[in-house]
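Asker:
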Amino acid sequence: MEVNIIQEGFMNSVAMYGIKYTKIIGDGDSNVYKTILDSRPYDALQVEKLECKNHLFRNFCLELKDLVKDSKVGPIILRKCLGKNILRLRKFIFSVIASIAKNKNLNNYSILQKQILNAPYHIFIDHTKCLDCLCDDDKKEKNWIPDLLESGLMYKVMHVVSNLADNSKSLLFSANNNCVEQFNSIVAKFIGGKRINFCLRGSYLARCSGAVISHNARSFMSSVHKNMYNTSPGNFVKSIERKRENDILRRKRKTSRRRCRKSLFLDKKSNKNYGVSARKPDLSESTFSQKKEWLLSTLRLSDEEMKVIERKTINQRTSPLWKEERRKRLTASDFCAICKKLPHTSCEGIIKKKLYSNFRSSAMEYGESHEGEALKSLENALGLKIRPCGLFIHPKLQYLAATPDGLVDDGIVEVKCPASCQDITPSQAISLKKFLFWKIDRFGQIHLLIAGTYRSKVSQIDADTQPGFDFGGTGNKKKGKNLVNTSFCWIK
45 MEVNIIQEGF
55 MNSVAMYGIK
65 YTKIIGDGDS
75 NVYKTILDSR
85 PYDALQVEKL
95 ECKNHLFRNF
105 CLELKDLVKD
115 SKVGPIILRK
125 CLGKNILRLR
135 KFIFSVIASI
145 AKNKNLNNYS
155 ILQKQILNAP
165 YHIFIDHTKC
175 LDCLCDDDKK
185 EKNWIPDLLE
195 SGLMYKVMHV
205 VSNLADNSKS
215 LLFSANNNCV
225 EQFNSIVAKF
235 IGGKRINFCL
245 RGSYLARCSG
255 AVISHNARSF
265 MSSVHKNMYN
275 TSPGNFVKSI
285 ERKRENDILR
295 RKRKTSRRRC
305 RKSLFLDKKS
315 NKNYGVSARK
325 PDLSESTFSQ
335 KKEWLLSTLR
345 LSDEEMKVIE
355 RKTINQRTSP
365 LWKEERRKRL
375 TASDFCAICK
385 KLPHTSCEGI
395 IKKKLYSNFR
405 SSAMEYGESH
415 EGEALKSLEN
425 ALGLKIRPCG
435 LFIHPKLQYL
445 AATPDGLVDD
455 GIVEVKCPAS
465 CQDITPSQAI
475 SLKKFLFWKI
485 DRFGQIHLLI
495 AGTYRSKVSQ
505 IDADTQPGFD
515 FGGTGNKKKG
525 KNLVNTSFCW
535 IK
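Note that our numbering gives residue 275 to position 231 of the sequence shown, counting from 1, and the numbers run on in steps of one.
1. Taking the straight line between their C-alpha atoms, what separation do you get for arginine 370 and glutamate 417?
2. Among residues of its own chain, excluding the 5 on either side of serine 253, which ones have a beta-carbon nearer than 8 Å to its beta-carbon?
3. Excluding sequence positions up to five away, which residues of its chain have a Cβ less than 6 Å from the Cβ of proline 85?
4. Quick check on DSSP: helix, strand or coil for phenylalanine 515?
5. Tell me the residue span of the alpha helix (DSSP H) that contains glutamate 348.
6. Tell me the residue span of the beta strand (DSSP E) that contains isoleucine 130.
7. Indicate the three-state DSSP secondary structure (helix, strand or coil) for arginine 431 in the structure shown.
8. Can you tell me whether isoleucine 189 is helix, strand or coil according to DSSP?
9. Find the nearest neighbour of lysine 109 within the set Tyr153, Trp366, Ser139, Val204, judged by alpha-carbon distance.
10. Would you list, in sequence order, the uninterrupted alpha helix (DSSP H) runs of no fewer than 4 residues that lie entirely inside the region 419-486?
11. Pull up the distance between the alpha-carbon of leucine 89 and that of lysine 113, whole angstroms please.
12. To the nearest whole angstrom, what separates the beta carbons of serine 212 and isoleucine 130, a pair I think is in contact under 8 Å?
13. Use the C-beta contact count for aspartate 347: other C-beta atoms within 10 angstroms, 16 or more gives buried, fewer gives exposed.
14. Helix, strand or coil: how does DSSP classify histidine 166 here?
15. Any chance the region 440-459 sits against the region 370-389, with 3 or more Cβ pairs inside 8 Å?
16. If you count every other CB in all the chains shown that lies within 10 Å of the CB of methionine 272, and 16 or more means buried, which is it?
17. By alpha-carbon positions, which one of Tyr165, His269, Val459 ends up nearest to serine 421?
18. Please check the pair valine 76 and valine 58, which I expect to be a contact at CB under 8 Å, by giving their CB distance rounded to whole angstroms.
19. To the nearest angstrom, report how far apart phenylalanine 515 and glutamate 194 are at their CA atoms.
20. Helix, strand or coil for histidine 388? Go by DSSP, reduced to three states.
21. Going by DSSP, which residues form a beta bridge with threonine 375?
22. Quick one: Cα of phenylalanine 309 to Cα of arginine 294, how far?
23. Can you check which of these residues, Glu368, Arg123, Trp188, is closest to tyrosine 165 by C-alpha distance?
24. Specify the secondary structure class of glycine 70 as computed by DSSP and reduced to three states.
25. What distance in whole Å lies between the Cβ atoms of cysteine 433 and proline 448, which are believed to be in contact at a cut-off of 8 Å?
26. Kindly indicate the opening and closing residues of the beta strand (DSSP E) around lysine 93.
27. Among Ile121, Leu133, Leu197, Lys351, whose alpha-carbon lies nearest the alpha-carbon of phenylalanine 104?
28. Would you mind sorting glutamine 489 into buried or exposed? The rule is 16 or more other CB atoms within 10 Å of its CB.
29. Near threonine 66, what residues of its chain come up, given a Cβ to Cβ distance below 8 Å and the 5 sequence neighbours on each side ignored?
30. Starting from isoleucine 292, trace the alpha helix (DSSP H) in both directions and tell me its first and last residue.
31. Would you say glutamate 285 touches the ligand MN, meaning its beta carbon is less than 6 Å from a heavy atom?
32. Where does leucine 339 land, buried or exposed, given buried means 16+ other C-beta within 10 angstroms?
33. Less than 6 Å between C-beta atoms, sequence neighbours within five positions excluded: which residues of the same chain meet that for serine 263?
34. Tell me the rounded alpha-carbon separation between lysine 440 and glycine 70.
35. Would tryptophan 366 and leucine 435 be called neighbours here (beta carbons separated by less than 7 Å)?
36. Would DSSP call isoleucine 490 helix, strand or coil?
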């Protein structure tokens, strides 16, 4: 209903008032703006949306508080540090907005956006990107940024901050919908809407007392009447109370023998106009390009920074930094799906799997648990020491990354432990076609399939790490000389 009312107001604004509304102030949780754009109320004019500043900062602080409460995002000491600085972060952003709004030379949305993105670094004592006119803090305190980055908490904070930075224009405009909220509250006082008028004398206490009597005596009107007038109420009141009592008993009997029934008229899309499911218009080309450039700029690292990340992510799956850095890049595990994607195929499924999937299976758990055993067996077979390693980022194409299972001198190792082959040797598994990436030719030689999934994966690992040579191996529980199969090994 709300959407239809506002849409009708825009459609009839010229006919009724002779004006065109160029802007609409929203709170970010409904699809009103999308509906207005689709209806095109003014042919040669596109309505612009500004977010309410109060709603933006409220959501900003609530999301940061949720991070503080979530024990999975980082150590308690860092989450406490974040919790203590939420108000400081908000105040700093307020001061940045005020300074840029007053200074005509800095009245630029892009500058405000950069300074909002820099706000966490400023608060946690990293002032390398601060403007001199906005930063006067003591730079001798402890710098928390390295610890936050290593724990992965910084990436969560930056995601929240970037959502606020995307609304830089609304923040500089400094608009809010307070007048609408105030009008709605006044209307609600008179019509009994969402709020009750607790301002009248005894209003709240009287309602509480009535609730207590109704709960204890069941006969609310009779009890109050007898107490006030020392007489019994009329038959009409008594009949109403008897009817209510019978209704209560009937509901209790139905509840005791209630069965699950299919809801015939349940509207599962009743909240499609609000919250996260609300439709939103696509980003403009300029906004999309700006966000793309910002994302790519966060991926650009120096050689020294890439080496530091590789060493800090040596624990791989148990490292929060490994998960966050890997999440932002195309890794070797994604490479086959990217290569096989047709030009007309949507990349939505790949992106969702990359960003949001936490799929786990017994086969994956089996492979991870036996990976160490396979590496030890490969060490014995080769007579070489396999060193652990972390995430390697491509030196030129830094949106590509890979995590080998180990390093041998100037080479890399990639190990696979398929659960389907746990009780047979690798040669038997290839003969039975348990390995989809190896085959045996007519001469009995084992070859790696050129179009195989793991060939694509190893190719990207090879490109990202740039080794001198590569080893591939498999491991299983079956004892014997075929425990490790080093059938493919190529030298540059």
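Every residue gets a Cβ at the ideal spot worked out from N, C-alpha and C, and that includes glycine.
Answerer: Put simply:
1. As the crow flies, the alpha-carbon of arginine 370 is around 25 Å from that of glutamate 417.
2. Here the set comprises nothing.
3. Sequence-distant Cβ neighbours of proline 85 in its own chain, meaning closer than 6 Å and more than five residues away, are Phe54, Met55.
4. Bear in mind that a pLDDT of 46 at phenylalanine 515, under 50, signals an unreliable position, so the number given afterwards is only what the model happens to contain. Looking at phenylalanine 515 - three-state DSSP - the assignment turns out to be strand.
5. Residues 347-356.
6. Not the beta strand (DSSP E): isoleucine 130 falls in the alpha helix (DSSP H), residues 130-146.
7. Reduced to three states, the DSSP call for arginine 431 is strand.
8. Here isoleucine 189 sits in helix by DSSP.
9. Nearest of Tyr153, Trp366, Ser139, Val204 to lysine 109, Cα basis: Val204.
10. Taking only runs of at least 4 residues, the alpha helix (DSSP H) segments lying wholly in the region 419-486 are 470-475.
11. Roughly 45 Å between the two C-alpha positions.
12. Contact between serine 212 and isoleucine 130 does not hold, since their C-beta atoms are separated by about 20 Å, which reaches or exceeds 8 Å.
13. Aspartate 347 is exposed by the Cβ-count criterion.
14. It is helical.
15. Contact holds: three or more Cβ-Cβ distances are below 8 Å.
16. With fewer than 16 other Cβ atoms within 10 Å, it is exposed.
17. Comparing Cα-Cα distances from serine 421 to each of Tyr165, His269, Val459, the minimum goes to Val459.
18. No, valine 76 and valine 58 are not in contact; Cβ-Cβ is about 19 Å, not under 8 Å.
19. Legend: pLDDT at phenylalanine 515 = 46, less than 50; position of this residue unreliable, value from coordinates given subsequently. Using only the alpha carbons, I get a separation of about 30 Å.
20. In this structure, histidine 388 counts as coil in the three-state DSSP scheme.
21. Under the DSSP definition of a beta bridge, threonine 375 partners with Ala445.
22. Confidence in phenylalanine 309 is poor, its pLDDT being 47 and thus under 50, which makes the residue's placement too unreliable to answer from.
23. Ranking the options by Cα distance to tyrosine 165, first place goes to Trp188.
24. DSSP places glycine 70 in strand when its eight states are reduced to three.
25. So it is a contact: roughly 6 Å between Cβ atoms.
26. Lysine 93 -> beta strand (DSSP E) spans 92-95.
27. Distance check between phenylalanine 104 and each of Ile121, Leu133, Leu197, Lys351 places Leu133 closest, using alpha-carbon atoms only.
28. With fewer than 16 other beta carbons inside 10 angstroms of its own, glutamine 489 counts as exposed.
29. For threonine 66, where only same-chain residues beyond five positions count, the Cβ hits under 8 Å are Leu89, Val91, Glu92.
30. From DSSP, the alpha helix (DSSP H) with isoleucine 292 extends over 279-300.
31. By its list of ligands, the structure shown contains no ligand whatsoever, and the ligand MN lies outside what it can speak to.
32. Its Cβ having fewer than 16 others within 10 Å, leucine 339 is exposed.
33. Answer for serine 263: Glu285, listed in chain order.
34. Whole-angstrom Cα-Cα distance: 43 Å.
35. Yes, the pair counts as a contact, with Cβ atoms nearer than the cut-off.
36. Looking at isoleucine 490 - three-state DSSP - the assignment turns out to be strand.
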